[in-house]
Amino acid sequence: AQMHEKSGLLDKIKASEVSLEQAETQTLAFLEEHVEPRTAPLCGNSIWKDRQFVERYLPRVDGLLHYRNVDVSTLKELFRRWYPDRHAPPEKKETHRALDDILESIAELRYYRKTFMS
């Protein structure tokens with residue numbers, strides 16, 4: 060909670076006029092437009108808390124997602140340990156905003172793919 064207070068996220072949530080139910084409906088509509096049911100894993104960095112949140116507060120979204128996760132931080136830990144001399148992932152802003160986090164996770168995953176998997 061402290062990191063979200065410091066980043067201003069909690070204040071932004073409190074000031075939001077979008078309810079949790081509305082956010083779930085909007086997210087569900089987006090996913091239904093772009094992915095087949097139960098095919099898209101939850102992806103990102105250190106996403107176990109995100110998965111818990113989705114399961115508890117966004118059950119309809121959880122029902123649409125695949126049960127698997129793609130956690131980029133797993134790759135970060137592996138490559139940092141296996142190739143410490145080559146490990147230099149892109150820097151992150153760490154704004155703790157969904158879109159920023161998504162874009163940073165995609166950039167980091169691309170880095171690992173290009174640097175270690177091709």
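For what it's worth, the working numbering labels the leading residue of the sequence shown as 60, then goes sequentially.
For each residue, glycine too, the CB sits at the ideal point set by N, CA and C.
Remember, predicted model here, so these are calculated numbers, not experimental data.
Alpha-carbon spacing of K173 relative to L137, whole angstroms: Put simply, the backbone Cα of K173 is about 15 Å away from that of L137.
Range covered by the alpha helix (DSSP H) that runs through G122: P118 to L123 is the extent of the alpha helix (DSSP H) around G122.
Proximity below 8 Å, CB of L124 to CB of L87: Result no, Cβ atoms of L124 and L87 do not sit closer than 8 Å.
Residues bridged to L101 [DSSP beta-bridge criterion]: According to DSSP, which records beta bridges pairwise, L101 is partnered with N128.
Reference S105, options V129, L90 and H146, closest by Cα: Taking only the C-alpha atoms, the option nearest S105 is V129.
Supposed close pair Y170, P148 - CB separation, criterion 8 Å: 5 Å between Cβ atoms; contact.
As assigned by DSSP and simplified to three states, the class of K152: In the three-state scheme derived from DSSP, where H, G and I count as helix and E and B as strand, K152 is classed as coil.
Per-residue DSSP class, three states only, for E95: Under the three-state reduction of DSSP output, E95 falls in the coil class, being neither helix nor strand.
Where V131 falls, given that 16 or more other Cβ within 10 Å makes a residue buried: By the neighbour-count rule (16 or more Cβ atoms within 10 Å), V131 is buried.
Burial state of G67 (16 or more Cβ within 10 Å): Burial call: exposed.
R115 versus E153: straight-line alpha-carbon distance, rounded: Distance between the alpha carbons of R115 and E153 is about 25 Å.
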